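First comes the structure, then the notes that go with it.
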Amino acid sequence: MFRILVADSLPEDILARYNRAEGIEVANKSGISKEDLIQELPQYNGLVVRSRTKVTAEVLAAGTNLKIIGRAGAGVDNIDTAEATRRGIIVMNTPGGNTVAATEHTVALMLAMLRNIPQAHASMRESKWDRKKYLGHELYEKTIGIVGLGKIGREVAKRLAAFGSKLIGYDPILNPDIAKRLGVTLVSFEELLRDADIITMHVPKMAETMNMINAESLSHCKDGVFLVNCARGGIINEGDLVAALDSGKVAMAAIDVFQSEPPSEWALAN
Numbered sequence: 002m003f004r005i006l007v008a009d010s011l012p013e014d015i016l017a018r019y020n021r022a023e024g025i026e027v028a029n030k031s032g033i034s035k036e037d038l039i040q041e042l043p044q045y046n047g048l049v050v051r052s053r054t055k056v057t058a059e060v061l062a063a064g065t066n067l068k069i070i071g072r073a074g075a076g077v078d079n080i081d082t083a084e085a086t087r088r089g090i091i092v093m094n095t096p097g098g099n100t101v102a103a104t105e106h107t108v109a110l111m112l113a114m115l116r117n118i119p120q121a122h123a124s125m126r127e128s129k130w131d132r133k134k135y136l137g138h139e140l141y142e143k144t145i146g147i148v149g150l151g152k153i154g155r156e157v158a159k160r161l162a163a164f165g166s167k168l169i170g171y172d173p174i175l176n177p178d179i180a181k182r183l184g185v186t187l188v189s190f191e192e193l194l195r196d197a198d199i200i201t202m203h204v205p206k207m208a209e210t211m212n213m214i215n216a217e218s219l220s221h222c223k224d225g226v227f228l229v230n231c232a233r234g235g236i237i238n239e240g241d242l243v244a245a246l247d248s249g250k251v252a253m254a255a256i257d258v259f260q261s262e263p264p265s266e267w268a269l270a271n
């Protein structure tokens, strides 16, 4: 019997599929602590995680019978893949599983930010009528810089094209023909920073992208630039972003991911 430990929450229909499958036994332990995971992992051959569970070298060392790790999502930055490989443990992800959801969430945050929807909602809840205060901005004819044109970045480009936005993109490995079909003009990172009214991040978390948006890169942006990050925490330096928001260099930021999750400090929330 192949035993699988599910460490993070999964949809009920997915769990039901596991339970119907022959030859496997599934233990749903969503929210399990690191300490309990280390203690229980030797009993299991498979581990399923989302982004919450950090599969460190210490955790992997405890998985003496572990054969495979399944990541329900695209990013594997929460898994020590080098150590897993060294131990002969297969790491698999589901890169297309949340593409549409992440794409729509990106566009939703962008619209909410530009139209001041959270602020207007809060104002209405306080019985205020500040119609002129929250007029906002249009996506139409705005220059949107898409950093990273993988699965999600490309889908974001398709949807933003429908708004009549001008699309520029930075992706050093993308075939220019693909960008052309998407209606995206490929530019250097420096050109994107200089020309974009709105910047949206769609890169994986790795050494090359850590703190990609920082005080130095922000200094090249337009005054009052808008910023969206639904990719990974850590690719934007949060301290530098707070300073840029305070100075007005960044007009607004819509952030769905953080360096530490849940955040230990809530400076961005304020």
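Quick note, this note's numbering runs 1 ahead of the 1-based positions in the sequence shown. Each residue gets a CB set at the ideal place from its N, CA and C atoms; glycine is no exception. Quick caveat: nothing in here was measured; it's all calculated off a predicted structure.
Annotation: Val7 to Thr86 spans about 20 Å, alpha carbon to alpha carbon. With fewer than 16 neighbouring CB atoms inside 10 Å of its own CB, Ser261 falls in the exposed class. Beyond the five residues adjoining it in sequence on each side, Gly165 comes within less than 7 Å, by CB distance, of Tyr141 and Glu142 in the same chain, given in chain order. Less than 8 Å separates the beta-carbon of Ile147 from that of Thr201. Judged by DSSP secondary structure, Gly97 falls outside any beta strand (DSSP E); it is assigned neither H nor E. Of the candidates Gly74, Val92, Ile91 and Ala123, the residue whose Cα lies closest to the Cα of Ala102 is Gly74. For Lys167, the beta-bridge partners assigned by DSSP are Thr144. Excluding the 5 residues flanking it on each side, Ile15 has no same chain C-beta neighbour closer than 6 Å. When only Cα atoms are considered, Pro264 and Asp241 end up about 16 Å apart. The beta carbons of Pro205 and Asp78 sit about 7 Å from each other, so the pair counts as a contact at 8 Å. Asn29 sits away from Tyr45, with the two beta carbons spaced by 8 Å or more. Ranked by how close their Cα comes to the Cα of Arg160, the residues His106, Ala121 and Glu23 have His106 in first place. Three or more Cβ pairs closer than 8 Å define a contact, and the region 51-64 meets that threshold against the region 34-43. Residues Leu48, Val50, Ile70, Asn79, Ile80, Asp81 and Ala85 of the same chain have their beta carbon placed closer than 8 Å to that of Val56, with the five preceding and five following residues left out of the count. Taking the C-beta atoms as reference points, Glu191 is found no nearer than 8 Å to Thr100. One thing to note: Gly234 has its Cβ within 8 Å of the Cβ of Val258. Under the three-state reduction of DSSP output, Leu48 falls in the strand class. When rounded, the separation of the alpha-carbon atoms in Leu136 and Asp9 is 41 Å. By alpha-carbon distance to Thr144, the top candidate from Gly170, Gly154 and Ala123 is Gly170. Annotation for Met213: no alpha helix (DSSP H) segment contains it, and DSSP assigns it neither H nor E.
For Asn20, the enclosing alpha helix (DSSP H) begins and ends at Glu13 to Arg21.
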